[in-house]
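Sequence positions in the sequence shown follow numbering that gives the first Met the number 0 and run 0 to 761.
Beta carbons are placed, not taken as given, at the ideal position from N, Cα and C, and that holds for glycine.
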Amino acid sequence: MAEQRDDKPEIKPFKGPAGGWGSVRSLAEILPREGGSPEVLRELARQNKPEGFACVSCAWPKPANHHPAEFCEEGAKATAWELTSHRTTPEFFARHTLTELRGWSDYELEEHGRLTHPLRYDPTTDRYAAISWQTAFAEIGAALRPLDPKSVVFYASGRASLEASYMYGLMARMYGNQNLPDSSNMCHESTSVGLKAAIGVPVGTTRHSDFERCDAILIFGHNVGSNAPRMLHDLRACRKRGVEVITFNPLRERGLERFTDPQNPIEMATLRETRMSSQYHQVKAGGDLAAMMGIAKFLVEWHDAALAAGKPEVLDTAFIDEHTHGFDAFVAAVRAADWDAIARESGLTLSAIEAAARVYAKAKAVMAVYGMGLTQHVKGVENVRMLVNLLLLRGNIGRAGAGPTPVRGHSNVQGQRTVGITEKTELVPVERIEAQYGFSAPREKGLDTVGACRGVLDGSVKAFVALGGNFLRAVPETGPMEAAWPRLDLSVQIATKLNRNHLFAGKQTYLLPCLGRIEQDVQATGPQAVSVEDSTSCIHGSRGKATPASPHLLSEPAIVAALAKACLPDPALAPWDDWVADYARIRDAIERTYPEMFAKYNERLFTPGGFWKGNKASQRIWQTPSGKAEFLAPTGLCATGFGDTDGRFRLMTLRSNDQFNTTVYGYHDRFRGVKGTRDVLFMNAGDMAARGLRAGQVVALESDAEDGAHRRRDGLIVTPYAIPSGCLGAYYPEANVLMPVEHFAEESHVPAAKSVPVRIVV
Ligand SMILES: Nc1nc2c(c(=O)[nH]1)N[C@H]1C(S)=C(S)[C@@H](COP(=O)(O)OP(=O)(O)OC[C@H]3O[C@@H](n4cnc5c(=O)[nH]c(N)nc54)[C@H](O)[C@@H]3O)O[C@H]1N2
Ligand SMILES: Nc1nc2c(c(=O)[nH]1)N[C@H]1C(S)=C(S)[C@@H](COP(=O)(O)OP(=O)(O)OC[C@H]3O[C@@H](n4cnc5c(=O)[nH]c(N)nc54)[C@H](O)[C@@H]3O)O[C@H]1N2
Ligand SMILES: [Mo]
């Protein structure tokens, strides 16, 4: 289990394409390391196929016409990681105290393997020890029942199935709260808030087939090559038919530059590459509002000129008149926007913005793909709204090949929101749930991630239950959050692998190991299937076949049911045991609660390509208060939420190509040329020279937030990189110590992880 962290890390520019032989080599490393059981290869062949299992990595759609191998390098790593032959047993915990384990890296903790037994923390020995499931549930129930429901948080990380998630949300409401923060709160909540207000649906409007119909694609702040690599095939196909791909990203990301399809023998043999972006604009972190405003301003100017010259219009005025609201105010703001400010705030030349606008103005159908580079900013919701503004100007919503295409993170994060894991009453059919189960559901808004962090810090949160994830590692303010965690009365973590959150105990602490989605889940009526929703609102069945990591594991639905029976005042309100015996009955219950989206749920479960839950905005039905799609002018041109002062940098916290969120698969970020370390600070060469810093020098970062609190991260290797002046990049989650809890997106409360104010300390 040697850590691959090197004494002499190597950082040098990577010359290869995304995909290609590099991705084959990367798999050849991880598969044997994780134990390489024949099951892994068998399961890889079933990955993302109808009747197979839905990949546990990202949420990219699983097409009906799949490739022979419908997985990517990252998906294969995720499968190998879950099906590892390594085990973290009670003997392991007998040998190691939590104090000692807190000295281990994220990599070492998870690499040790799958959890095998339910565990309880013993403060007298500072160790976890095995207990029976029965005792665990009885004790957790006894701890939860007397607590004020408002003081308990039920977190979910977006991997658990629709079935488990529906039960979990219902349990929380029956218990008496909607304290249901989800990893989505740290991720695409800016999308859910922004799109809902603008077009009446909280999700993207496009489907996989739109890639066959678009003639231009805008990509803002998403790193396709690492985080949704199967999309590279779609983008490649688009490029082959001449589709323009225009990228806005502060960093030059290899997957957005060049790609060799590892599944194409000719491309591999001839080292042929596809140039992925026809234009690449290295916008400043937080500069997208300005860039988009620039595009809009060119469009409006060209439109005016065209009308004056009697030429065809540039804006789609018929669409705007029929379908939108707020156009005049928006256009007034566009006209008023200042060109110099646009250039300054975006960090781009006006001719670069003009080139992007030219393509946009010509294209008939444009998809706007985006990720965390837009959502994780103080003005993250405004970013999403501005993107919608751009699309509305030319009728690019509700038309084949066009529309907002947020790339969701976890494989079922969108689905969890769909089936009730949300702190917001307006997102759940409360009355229907009340009628279905005969109880009165809470109406008071629950805690989101920021609210939960505040509650842990101020002591008002007394118990924390987590359905997966690594909350304490994923959230901001790592130091104070870790220090506050032991004040909890109860910490319950349902997980597959040991992570840092598990090393911080409350007064009572339980670690409950569960089956992964790739493993066979046998209940009273036989082997069960579960389901997930992808980024394009398609629901897929998923059947695990692999041998479970341990005979002592329970499935997530079984654990949630047992918790519900242990903690609820009236467990008889829902048929928890029947549900566990046959997951088809959970799906029947979901269908009753959400009849429109989940009609004939069981019948359609294994529809190739998934079944579509529908999307009104894609039919140009706008479920907004005005009944129209809403334009909204941004309040400014900079998304960071703080001013630029001397010595202050905008730190972007990034994922490497060798991690899934807080799960660190290894220390190589191949595409960025980093080998053997994660202690990297990506920096502009001019900024380095101006500060007398040299490549390889080790520096610290300190928080430069207005609250003046001391936050520091040491040991970062200065690395010259193609990144705009004033911006820095470092890896998440190690950089989270530098993030204030109160630095989050307005309205959506997504921690603003893509512009953290810091200064460099030598
Ligand atoms: N292999 C793998 N796959 C994953 C994940 C993983 O960790 N590993 N995580 C999953 C999850 S939960 C999520 S949410 C997604 C995340 O996938 P992404 O949305 O790609 O998120 P990040 O990797 O954080 O990086 C976002 C990109 O935004 C750019 N960026 C940063 N700031 C700005 C900005 O201000 N403007 C613009 N235009 N760009 C900016 C960065 O350079 C980076 O390329 O991926 C999912 N898939
Ligand atoms: N600075 C900074 N912070 C960020 C981000 C960022 O870009 N920058 N990104 C944010 C985003 S987009 C997200 S989504 C969050 C992610 O936050 P989380 O979703 O909380 O974190 P993960 O790292 O995905 O969770 C990993 C753990 O999940 C458990 N796990 C894995 N599979 C299963 C399973 O099948 N069932 C169960 N029960 N448990 C399982 C394992 O124990 C593993 O250790 O982090 C956020 N934090
Ligand atoms: Mo995410």
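Check: residue i C-beta below 8 Å from any heavy atom of ligand 3
| i | result |
| --- | --- |
| Cys54 | no |
| Thr185 | For clarity, residue 185 is Met in the given sequence; the question names Thr instead. At least one heavy atom of ligand 3 is nearer than 8 Å to the Cβ of Met185, so yes. |
| Met371 | yes |
| Asn660 | yes |
| Asn157 | A quick correction: the sequence has Gly, not Asn, at residue 157. Answer for Gly157: yes, Cβ within range of ligand 3. |
| Gly74 | no |
| Val412 | yes |
Inter-residue Cα distance where the pair is residue i and residue j
| i | j | result |
| --- | --- | --- |
| Asp533 | Thr205 | 12 Å |
| Gly454 | Gly707 | 21 Å |
| Glu518 | Pro547 | 5 Å |
| Glu746 | Ala632 | 16 Å |
| His539 | Pro228 | 19 Å |
| Gly394 | Thr246 | 21 Å |
| Ala367 | Glu381 | 15 Å |
| Thr115 | Met292 | 53 Å |
| Ser276 | Gly408 | 22 Å |
| Asp287 | Leu347 | 10 Å |
| Pro8 | Val39 | 30 Å |
| Leu446 | Met170 | 16 Å |
| Met0 | His85 | Caution applies to Met0, whose pLDDT of 40 falls short of 50 and renders its modelled position unreliable; the model cannot decide the point. |
| Pro556 | Leu314 | 50 Å |
| Val760 | Val736 | 15 Å |
| Gly112 | Leu497 | 8 Å |
| Arg343 | Met651 | 19 Å |
| Asp147 | Ala565 | 16 Å |
| Ala68 | Gly51 | 12 Å |
| Asn660 | Gly370 | 14 Å |
Residue i CB to nearest heavy atom of ligand 2 below 8 Å
| i | result |
| --- | --- |
| Thr799 | Outside the shown range of the chain (0 to 761) lies residue 799, about which nothing can therefore be said. |
| Tyr582 | no |
| His111 | no |
| Leu489 | no |
| Gly646 | no |
| Glu81 | yes |
| Val39 | no |
Check whether residue i and residue j have beta carbons under 9 Å apart
| i | j | result |
| --- | --- | --- |
| Phe13 | Arg677 | no |
| Gly18 | Gly224 | yes |
| Gly220 | Asn248 | yes |
| Glu796 | Asn656 | Examination of residue 796 is not possible in this model, given that the chain is present from 0 through 761 alone. |
| Leu194 | Ile216 | no |
| Ala289 | Ile341 | yes |
| Ala125 | Thr83 | Per the sequence presented here, residue 125 reads as Asp, with Ala not at that position. No. Outside cutoff. |
| Glu422 | Gln177 | yes |
| Cys186 | Gly168 | no |
| Cys537 | Phe605 | no |
| Val429 | Ala440 | yes |
| Val244 | Gln281 | no |
| Arg710 | Pro750 | no |
| Ala744 | Gly379 | yes |
| Leu456 | Pro485 | no |
Heavy atom of ligand 1 within 8 Å of residue i beta-carbon
| i | result |
| --- | --- |
| Leu466 | no |
| Ala355 | no |
| Gln278 | no |
| Cys57 | yes |
*Give a yes or no on contact between the segment 630-643 and the segment 738-754, applying the rule of three or more CB pairs nearer than 8 Å.*
Taking 8 Å as the limit for Cβ pairs, the verdict is that the segment 738-754 does touch the segment 630-643.
*Check whether the segment 623-630 touches the segment 311-330, taking contact to mean three or more Cβ pairs, one atom from each stretch, closer than 8 Å.*
By the criterion of at least three beta-carbon pairs nearer than 8 Å, the segment 623-630 is in contact with the segment 311-330.
*Kindly confirm or deny that the segment 128-143 and the segment 484-495 touch, where touching means at least three C-beta pairs closer than 8 Å.*
Three or more pairs of CB atoms, one per stretch, sit closer than 8 Å, so the segment 128-143 contacts the segment 484-495.
*Does the count of Cβ pairs from the segment 457-477 and the segment 181-197 closer than 8 Å reach three?*
Yes: at least three Cβ pairs fall under 8 Å.
_Measuring CB atoms only, is the segment 186-200 touching the segment 399-415, in the sense that at least three cross pairs come out at less than 8 Å?_
Taking a cut-off of 8 Å on C-beta distances, the segment 186-200 touches the segment 399-415, as three or more cross pairs fall below it.
*Do the segment 702-721 and the segment 679-689 meet, that is, are 3 or more Cβ pairs less than 8 Å apart?*
Yes: at least three Cβ pairs fall under 8 Å.
*Considering only residues of the segment 647-711, which uninterrupted beta strand (DSSP E) runs meet the minimum length of 3 residues and lie entirely inside it, listed in chain order?*
If one requires a minimum length of 3 residues, the beta strand (DSSP E) runs lying completely within the segment 647-711 are 648-653, 679-682, 697-702, in chain order.
*Can at least three beta-carbon pairs, one atom from the segment 501-517 and one from the segment 122-139, be found at a separation below 8 Å?*
Here the segment 501-517 makes contact with the segment 122-139; the two share three or more CB pairs at distances below 8 Å.
*What beta strand (DSSP E) runs, 3 residues minimum, are completely inside the segment 360-421?*
If we require 3 residues or more, the beta strand (DSSP E) runs fully inside the segment 360-421 come out as 365-369, 402-405.
*Is the number of C-beta pairs between the segment 521-530 and the segment 575-589 that are closer than 8 Å three or more?*
In the pairwise beta carbon analysis, the segment 521-530 is classified as touching the segment 575-589: at least three pairs are separated by under 8 Å.
_Across the segment 618-627 and the segment 698-705, are there enough close Cβ pairs to call them in contact, namely three or more that are closer than 8 Å?_
The segment 618-627 vs the segment 698-705: no contact.
*Of all the alpha helix (DSSP H) runs that stay within the bounds of the segment 236-304, which reach a length of 4 or more residues?*
Listed in chain order, the complete alpha helix (DSSP H) runs (minimum 4 residues) inside the segment 236-304 are 264-269.
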